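Protein chains in written order, with our numbering: chain A, 951 to 1143; chain B, 191 to 413. No residue lacks a Cβ here, since even glycine has one placed at the ideal position from N, Cα and C. Given the structure is predicted, the values throughout are model-derived calculations rather than measurements. In what follows, a single structure is set out as C-alpha cells and then discussed.
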C-alpha cells in the first residue's frame, strides 16, 4: 500500500492503484479485508468492461460483415491494379510514321520558301532587263489644234456667236432643214436688245 | 503434407510464414498467388484494424480508407517486414501512422472549410454509415446511438497519445509491451498514459457535472 493512500484516504486504495490492480493483476492484501475498496474495484472493472463493449459495438455497427467483405474485395482489387504492368497506349505519331508508297511524294517545307524567294528575285531582275531592251514607244498625240483655245469659265454669259459657229460646223446635212425652221437663240437675244 | 505442416504453430509464426511466402511469390512474379496469400492476412486483421481506425478517426468513411491504405502499404513494403516482430505490431504501426496523417490533413482542411452539416442531435452524419434494417427497436437504437456518441466524444477529448494508448491497451486488448512496440513509446510511458486516460474518461462519463474539474486536473496531468 502506498503512503499516500494511508495518509490521505484512511488506508483505502486510490483509483490509480485500483486501475493498476486491474491492468497488472497484482492484488494488494488490503482488498481482501476492505469491502469498500473491493467494491470499488468491482465497480471499476465493470465500468471498464462496459466501456470496452460499448466501443467495440460502436465500431462493429459502423462496419458490419457486409461492409468488411466489400472492403476486403476493394483491397484485393487495388492490389491487383498495383501488380498489373501499366499498359502503354500507342501514340498517333506511330501511325503517321508508316512507310510511304512510291506514288507518294513529299516536298520539304524549306524548299517551298527558297523557291518563292528565288522566283521573286528573278522576276525583279527580268523586269529591269526587259525595260531597258524594249524600244521607245511614240509619245501620245498632242491636244487637238482646232479646239477653241478659250474656254468659258463657269458662271460667265455664253458667247452666242461661238455657239452658233459650233452648231453649224457639227450639224449633219439631214438636220439643216430643221435648223432653218427653228428660231435661233441669237435672234431672240438681238430682238430683246 | 510434411511433419512441420502438421505441427500447430502460433499466430505469430503463421504470419511470418505467410509474409515469407508472399515475398517469394513476388520475387517469382507470381502476383496472383501472392495476393491470395495476402488475403489471409487481410481477413485475419481487418476487423481489428477498422476498430482502431474508427475510434481514432471517428468517421467510418475515413476509417475505411485508412485501413485500405494501410493494407496496401503493408503489401508493397512486405519486403521490409522482419519476422522477429509480430506482423500485427508492424501493421498496426503503419495503420496508426496513416491515421495520424489523416488527422493532420483533416485539421489543415478544416481551417479552410465551412463547418460540417449536423443533424438535430448535433452529430455529423456519415452517408456511409450502415443502418441495419432489422434488429433493435428504434428507441434502443436511439439510446445506443446516444451512448456511443457520448463515449466517442469522451474518447475524442483525450489527448492524442492517451487516446492511442487507451484504444490499443483497453479496446484492442494489447499488453503494455505490445503497445510500446506499436507506438514507439516506453512501457512505463504507456502505463502512465493509460492511467491518465482512464481517470479522465471516468471524469467525463461517470460524473459529467464535474467535467470542468476533471479537465483541469487532466490538463495538469498532461504537462
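- Just so you know, the alpha carbons of residue 225(B) and residue 261(B) end up roughly 11 Å apart.
- Residue contact with chain A for residue 332(B): absent (no Cβ-Cβ distance below 8 Å to any residue of chain A).
- Distances from the alpha-carbon of residue 354(B) to those of 387(B), 281(B), 238(B) put 387(B) closest.
- For residue 282(B), same chain residues with a beta-carbon under 6 Å away, outside a window of 5 residues either side, are 372 in chain order.
- Listed along chain A, no residue sits closer than 7 Å to residue 235(B) by beta-carbon distance, the nearest being about 11 Å off.
- Around the CB of residue 1082(A), fewer than 16 other CB atoms lie within 10 Å, so the residue is classed as exposed.
- Residue 289(B) and residue 983(A) have their C-alpha atoms some 46 Å from each other.
- Legend: CB atoms of the segment 235-269 of chain B lying less than 8 Å from CB atoms of chain A belong to residues 236, 237, 240, 241, 244, 245, 250, 253, 254, 257, 258, 261, 262, 265, 266.
- At a Cβ-Cβ threshold of 8 Å, residue 998(A) and residue 972(A) count as neighbours.
- DSSP places residue 384(B) inside the alpha helix (DSSP H), whose first and last residues are 377-395.
- By the neighbour-count definition (other C-beta atoms within 10 Å, threshold 16), residue 249(B) is a buried residue.
- Proximity of residue 361(B) to chain A, defined by a Cβ-Cβ separation below 8 Å, is satisfied.
- One Cα belongs to residue 299(B), the other to residue 247(B), and the distance between them is close to 14 Å.
- Around the beta carbon of residue 1064(A), fewer than 16 other beta carbons sit within 10 angstroms, so the residue counts as exposed.
- Residue 1005(A) belongs to the set of residues whose beta carbon lies under 8 Å from a beta carbon in chain B.
- About 7 Å separates the CB atoms of residue 258(B) and residue 1028(A); that is less than 8 Å, so the two are in contact.
- Listed by position along chain A, the residues whose Cβ is nearer than 7 Å to that of residue 372(B) form an empty set, because the closest Cβ is around 17 Å away.
- Contact annotation: the segment 960-969 of chain A touches the segment 977-995 of chain A, with at least three C-beta pairs closer than 8 Å.
- Secondary structure at residue 363(B): coil, using DSSP grouped into helix, strand and coil.
- Residue 284(B) is not a Cβ neighbour of residue 362(B), given a cutoff of 8 Å.
- At least one beta carbon of chain B lies nearer than 8 Å to the beta carbon of residue 1028(A).
- For a Cβ distance threshold of 7 Å, residue set 1004 of chain A lies close to residue 337(B), ordered along the chain.
- Contact check for residue 345(B) and residue 366(B): beta-carbon distance about 19 Å, past the 8 Å limit, so the pair fails to qualify.
- Using a Cβ-Cβ cut-off of 8 Å, residue 1033(A) counts as an interface residue toward chain B, since at least one Cβ of chain B sits closer than that to its own.
- Judged by DSSP secondary structure, residue 995(A) falls within the alpha helix (DSSP H) whose first and last residues are 985-1012.
- In the DSSP assignment, residue 1132(A) falls outside any alpha helix (DSSP H) and carries neither an H nor an E.
- Interface flag for residue 388(B) against chain A is set, since a Cβ pair is found closer than 8 Å.
- With 16 or more other CB atoms across the displayed protein chains lying within 10 angstroms of its CB, residue 383(B) is buried.
- Nearest CB-CB separation between residue 297(B) and chain A: not below the 8 Å threshold.
- Between residue 1024(A) and the set 271(B), 256(B), 267(B), 269(B), the nearest pair of CA atoms involves 256(B).
- Distances from the alpha-carbon of residue 1004(A) to those of 335(B), 348(B), 278(B) put 335(B) closest.
- Looking at the backbone, the Cα of residue 980(A) and that of residue 974(A) are separated by about 16 Å.
- Neighbours of residue 225(B) in chain A, taken as residues whose beta carbon is under 8 Å from its own, are 1026, 1029, 1030, 1033 in chain order.
- Proximity of residue 391(B) to chain A, defined by a Cβ-Cβ separation below 8 Å, is satisfied.
- Look at residue 963(A): its C-beta is not under 8 Å from any C-beta on chain B.
- The beta carbons of residue 207(B) and residue 268(B) sit about 13 Å from each other, so the pair does not count as a contact at 8 Å.
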